[in-house]
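Visitor:
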Amino acid sequence: MINILKFPYTPKACCWVHQPGAGQTLLAVSDVASSTIRIYDGGGDGKPLYELDKLHRAPVHLISYTAKYDCVISADEDGFVEYWQPSEPWGLPSVPGLWQYKSATDLYQFKKTKSIASSITFSPNSSQFVTMSLPSRAVHVFNFLTGRLTRTYDESLTAAAEMQQAGTAVFTLDDMDFGRRLATERALDAAESGPGGALRTANAVWDESGNFIIYPTMLGIKGRSSLPTSLTCSGQHGHKQGIAGSR
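Our numbering puts the first residue of the sequence shown at 1247, with every later residue one more than the last.
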């Protein structure tokens, strides 16, 4: 079945927010010009079932849902990240072991570092989620239940330049090639990191086992183990190409 929903506003992010087999397909859609998230019946006439205007204070650009916990994680342009259940009263879901006070989590990480999440991806079993952030380009791994950071990978241009200069990178490039890539990435930072920019399409994903995360960097596509005891880069692809393999 195909259904077309017409909105009187410009949508920014959307995500299905219902469990498999649910009688009603619920679609969450954010607004490019306001903080409101609207919930629609995916098979309906385009009239919102609910309008959530108090979850965020800035336009929401990311919405991700886990059916295992019936929980949505959304992120806005001011750097705030929120958990909420896609049903009234729209608060934290009743999940055993889930954090109760946001001050006990690391969900303020983006606001504190003056960055925003550019992607939010749940692991296959939803025990963790991984984010990429801008402009820092850091990759953060969070524990879902505690909301605490378990790992951060510094993929900033500054870190890449320092490792290239010191020769400590897993893979090093010819200095001229590295300089070209660095100049290109700095230009992207200046022109493509805002809303609608190319850098906003960068995301980190999990493999099927949930033991590895894969994400783009200036030097190519990196694969890293998500296990707490592992610190090494498991693989890197595209670093030998004449242009950066990260885009």
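In this text, a Cβ means the ideal position worked out from N, Cα and C, and glycines have one as well.
Here the structure is a predicted model, which means the values were calculated and not measured.
Following the continuous beta strand (DSSP E) through Gln1374, name the residue where it begins and the one where it ends.
Guide: From DSSP, the beta strand (DSSP E) with Gln1374 extends over 1374-1380.
Visitor: Use the C-beta contact count for Tyr1286: other C-beta atoms within 10 angstroms, 16 or more gives buried, fewer gives exposed.
Guide: Buried.
Visitor: Three or more C-beta pairs under 8 Å: does that hold for the stretch 1391-1403 against the stretch 1411-1420?
Guide: The stretch 1391-1403, when compared against the stretch 1411-1420, does not touch it at the 8 Å Cβ threshold.
Visitor: Could you check whether the stretch 1368-1381 touches the stretch 1340-1349, counting it as contact only if at least three pairs of C-beta atoms, one from each stretch, sit closer than 8 Å?
Guide: Short answer: they don't touch.
Visitor: Kindly indicate which residue of His1264, Ala1384, Thr1312, Thr1396 has the alpha-carbon position closest to the one of Ala1406.
Guide: It is Ala1384 whose Cα lies nearest to the Cα of Ala1406.
Visitor: If we count Cβ pairs, one from each stretch, closer than 8 Å, do we get three or more for the stretch 1289-1296 versus the stretch 1359-1370?
Guide: No, the stretch 1289-1296 is not in contact with the stretch 1359-1370.
Visitor: I'd like the span of the beta strand (DSSP E) that includes Gly1466, first residue to last.
Guide: Counting along the chain, the beta strand (DSSP E) containing Gly1466 begins and ends at 1466-1471.
Visitor: Cβ of Gly1456 within 8 Å of Cβ of Asn1371?
Guide: Against a cut-off of 8 Å, the Cβ pair of Asn1371 and Gly1456 comes out as a contact.
Visitor: Along the chain, which unbroken stretches of the beta strand (DSSP E) at least 3 residues long are found entirely within the stretch 1264-1348?
Guide: Runs found: 1272-1277, 1283-1287, 1296-1298, 1306-1312, 1317-1322, 1327-1330.
Visitor: Which residues in the same chain as Ala1304 place their Cβ atom closer than 8 Å to its Cβ, once the five residues preceding and following it in sequence are excluded?
Guide: Only Ser1281, Asp1322, Glu1323, Asp1324, Phe1326 meet the Cβ criterion.
Visitor: Where does Leu1473 land, buried or exposed, given buried means 16+ other C-beta within 10 angstroms?
Guide: Exposed is the call here.
Visitor: Are the Cβ atoms of Thr1309 and Ala1259 separated by less than 8 Å?
Guide: As written in the sequence, residue 1309 is Ile, which differs from the Thr given in the question. Yes; because the gap between Cβ atoms is below 8 Å, this pair is in contact.
Visitor: Using only CA atoms, which one of Pro1266, Asp1423, Gly1292, Gln1270 lies nearest to Ile1250?
Guide: Ile1250 has its Cα closest to that of Gly1292, out of Pro1266, Asp1423, Gly1292, Gln1270.
Visitor: Reducing DSSP to helix, strand and coil, say where Arg1397 ends up.
Guide: Of the three classes helix, strand and coil, the one that applies to Arg1397 here is strand, per DSSP.
Visitor: Can you say whether Glu1334 is buried or exposed, counting buried as having 16 or more other CB atoms within 10 angstroms of its CB?
Guide: Per the 10 Å Cβ criterion, exposed.
Visitor: Assign Val1306 to buried or exposed, taking buried as 16 or more other Cβ atoms, counted over all protein chains shown, within 10 Å of its Cβ.
Guide: With 16 or more other Cβ atoms within 10 Å, it is buried.
Visitor: Residues in the same chain with beta-carbon distance under 6 Å from Lys1252, minus the five sequence neighbours each way, listed in chain order, please.
Guide: These residues qualify, in order along the chain: Gly1292.
Visitor: Could you give the first and the last residue of the continuous alpha helix (DSSP H) run that contains Thr1367?
Guide: Here Thr1367 belongs to no alpha helix (DSSP H); instead the beta strand (DSSP E) covers 1362-1368.
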